[in-house]
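*Asks:*
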Amino acid sequence: MESTIINGRAVADEVLASCATKISQGDVVPGLAVIIVGDNPASQVYVRNKVRACEKAGLHSEKYALSVDVSEVELLGKVAQLNADPAIHGILVQLPLPAHINEDKVLTAIAAHKDVDGFHPENIGRLVAGLPGLRPCTPAGCMVLLERAGVSLSGSRAVVIGRSNIVGKPMALMLINAGATVTVCNSKTPSLAATVQQADIVIAAVGRPRLITAEMIKSGATVIDVGINREDGGLVGDVDFESVRTVAGAITPVPGGVGPMTIAMLVSNTLQAAIA
Ligand code: NAD
Numbered sequence: 007m008e009s010t011i012i013n014g015r016a017v018a019d020e021v022l023a024s025c026a027t028k029i030s031q032g033d034v035v036p037g038l039a040v041i042i043v044g045d046n047p048a049s050q051v052y053v054r055n056k057v058r059a060c061e062k063a064g065l066h067s068e069k070y071a072l073s074v075d076v077s078e079v080e081l082l083g084k085v086a087q088l089n090a091d092p093a094i095h096g097i098l099v100q101l102p103l104p105a106h107i108n109e110d111k112v113l114t115a116i117a118a119h120k121d122v123d124g125f126h127p128e129n130i131g132r133l134v135a136g137l138p139g140l141r142p143c144t145p146a147g148c149m150v151l152l153e154r155a156g157v158s159l160s161g162s163r164a165v166v167i168g169r170s171n172i173v174g175k176p177m178a179l180m181l182i183n184a185g186a187t188v189t190v191c192n193s194k195t196p197s198l199a200a201t202v203q204q205a206d207i208v209i210a211a212v213g214r215p216r217l218i219t220a221e222m223i224k225s226g227a228t229v230i231d232v233g234i235n236r237e238d239g240g241l242v243g244d245v246d247f248e249s250v251r252t253v254a255g256a257i258t259p260v261p262g263g264v265g266p267m268t269i270a271m272l273v274s275n276t277l278q279a280a281i282a
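When you read off a place in the sequence shown, starting at 1, and then add 6, the result is the number in this note's numbering.
1. Using only CA atoms, which one of Q100, H95, M271 lies nearest to V74?
2. Considering only residues of the stretch 170-203, which uninterrupted beta strand (DSSP E) runs meet the minimum length of 3 residues and lie entirely inside it, listed in chain order?
3. Exposed or buried, which one is A200 when buried takes at least 16 other CB atoms within 10 Å?
4. Kindly examine the ligand NAD and report whether one of its heavy atoms sits closer than 7 Å to the Cβ of S170.
5. With H, G and I counted as helix, E and B as strand and the rest as coil, what does DSSP make of H66?
6. Check the DSSP bridge columns for N235 and list the partner residues they point to.
7. Report the rounded CA-to-CA distance for V17 versus I29, giving the unit in angstroms.
8. Out of I167, V40, G213, which one is the CA nearest neighbour of P196?
9. Thinking C-alpha only, which one of P104, G226, N13, G255 is nearest E78?
10. For the ligand NAD, I want to know if S193 counts as a neighbour, meaning its beta carbon is within less than 7 Å of at least one of the ligand's heavy atoms.
11. Return helix, strand or coil for D110, following the three-state DSSP convention.
12. For L133, which option in V212, N171, D110 has the closest C-alpha, if you only look at C-alpha atoms?
13. Using 8 Å as the threshold, is the C-beta distance between L98 and A59 below it?
14. Following the continuous beta strand (DSSP E) through R163, name the residue where it begins and the one where it ends.
15. Taking the alpha carbon of R54 as the point to measure from, which residue in V43, G64, G44, K69 has its own alpha carbon closest?
16. Who are the near neighbours of G44 in its chain, counting only those whose CB is closer than 7 Å to its CB and skipping five residues on each side?
17. Since I believe T258 is in contact with I230 (beta carbons under 8 Å), could you give me their beta-carbon distance rounded to a whole number of angstroms?
18. Beta-carbon separation of K56 and I94 under 8 Å?
19. Between V212 and the rest of its own chain, which residues show a CB-CB distance below 7 Å, the 5 nearest in sequence each way excluded?
20. Entirely within the stretch 20-89 and at least 4 residues each: give me those alpha helix (DSSP H) ranges in chain order.
21. By Cβ distance, which residues of its chain are closer than 7 Å to V242, with the 5 residues on each side in sequence left out?
22. Give a single yes or no on whether T268 has its beta carbon closer than 7 Å to a heavy atom of the ligand NAD.
23. Can you name the residues that DSSP bridges to I11?
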């Protein structure tokens, strides 16, 4: 069986175009402030792509590049200033932060209604309770991909591999809220292969190249690969794409799957924050 390739780039472009139309017709220009600390090359690329997507959609964006030795107090001061700025509807602090800064303290200092990354405890609590709120971009993007691929979630069996606060856990909660029966795996899960074999929907968010192989996949399952691993100058996912595509019903590629959706959902969240 040859699976359907879920084109995340095309879906992301549709989401961005729909945001651009709403922004051009609305009275408010949504504003996003991105704070980056230090010169981590991967973070620089992510921030550049985020700012570019904002420009494409007609958002106002501001980038604050702070030195690697900025103090926690100074960073919190910047967040407080942006919290009070009426032209800014979304604030994003690019992670990771240097070790001398308490990440939780910074993320919690962002006003919950401007927390477009969806990491503030209030927004996580809203997700747990199934209440409206700003949702973490990567799992929210996976949900849009599942919806566009026509995958029915209610009554399905989903396995999420990875339990991080930014991907695995919120992903599991979104699937639970959508009526799926969800298992969350981690590095100590016994019989990972047998567990994944049960799944109608597999979400891989691990950070291990090609961990998920064809033998682990039930025929016809939908496979969403969140992993981004750098290898020989290129990017590979957590799923062994070439073997799994012969078994899965639908699969996302890396690159061109979940990655573009994360950025599109950031724009969508900023628009949501601006019109709320
Ligand atoms: P993380 O390191 O915080 O978490 C990884 C999780 O995988 C942990 O819960 C760990 O227990 C689990 N794990 C590790 N080895 C395992 C194994 N052998 N079997 C089962 N579980 C195992 O990572 P993260 O921040 O959640 O990111 C995961 C991957 O997704 C990374 O490759 C990251 O680059 C990528 N990512 C992509 C996007 C995107 O936009 N596409 C966004 C965020 C993260």
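Think of the CB as a built atom: it goes at the ideal place given N, C-alpha and C, for glycine as much as any other residue. Bear in mind the structure is a predicted one, so any value in this text is a computation, not a measurement.
*Replies:* From the atom records:
1. Within the sequence shown, residue 74 is the residue found at index 68, counting from 1. For V74, the nearest C-alpha among the options comes from Q100.
2. 187-191
3. Along the sequence shown, one-based indexing puts residue 200 at 194. Classification of A200: exposed, given that the 10 Å Cβ count is below 16.
4. Your numbering for residue 170 matches position 164 in the sequence shown. Because some heavy atom of the ligand NAD lies under 7 Å away, the Cβ of S170 counts as near it: yes.
5. The residue you call residue 66 lines up with position 60 of the sequence shown. H66: strand per DSSP, three-state reduction.
6. One-based indexing of the sequence shown puts residue 235 at position 229. Partner(s): V242.
7. Within the sequence shown, numbered from 1, the residue matching residue 17 stands at position 11. Within the sequence shown, numbered from 1, the residue matching residue 29 stands at position 23. Straight-line Cα distance between these residues: approximately 18 Å.
8. Looking up residue 196 in the sequence shown gives position 190. Of I167, V40, G213, the residue nearest in Cα terms is I167.
9. As a position in the sequence shown, residue 78 is number 72, starting the count at 1. Comparing Cα-Cα distances from E78 to each of P104, G226, N13, G255, the minimum goes to P104.
10. Position 187 of the sequence shown holds residue 193. Under cutoff, so the answer is yes.
11. Sequence index remark: in the sequence shown, residue 110 carries index 104 (1-based). Correct three-state label for D110: helix.
12. Taking the first residue of the sequence shown as 1, we reach residue 133 at position 127. Ranking V212, N171, D110 by Cα distance to L133 puts N171 first.
13. In the sequence shown, the residue the question calls residue 98 occupies position 92. In the sequence shown, the residue the question calls residue 59 occupies position 53. No, these two residues do not count as a Cβ contact at 8 Å.
14. Stepping through the sequence shown from its first residue, residue 163 is reached at position 157. 163-167 is the span of the beta strand (DSSP E), which, as asked, contains R163.
15. Position 48 of the sequence shown, counted from the first residue, corresponds to residue 54. Answer by Cα proximity: K69.
16. In the sequence shown, counting from the first residue as 1, residue 44 sits at position 38. Excluding positions up to five away in sequence, the list reads V74, P104.
17. Counted from its first residue, the sequence shown places residue 230 at position 224. Counted from its first residue, the sequence shown places residue 258 at position 252. Right, their Cβ atoms sit about 5 Å apart.
18. Within the sequence shown, residue 56 is the residue found at index 50, counting from 1. Within the sequence shown, residue 94 is the residue found at index 88, counting from 1. Taking 8 Å as the Cβ cut-off, K56 and I94 do not qualify as a contacting pair.
19. For the purposes of this step, residue 212 is identified with residue 206 of the sequence shown, where counting begins at 1. Hits under 7 Å: I167, G168, G233, D244.
20. 47-63, 78-89
21. Residue numbering aside, residue 242 sits at position 236 when the sequence shown is read from its first letter. Once the five neighbours on either side are set aside, the close Cβ partners of V242 are P215, R216, N235, V260.
22. Within the sequence shown, numbered from 1, the residue matching residue 268 stands at position 262. It does: the Cβ of T268 is within 7 Å (strictly closer) of some heavy atom of the ligand NAD.
23. Counting from 1 along the sequence shown, the entry for residue 11 is found at position 5. According to DSSP, which records beta bridges pairwise, I11 is partnered with I257.
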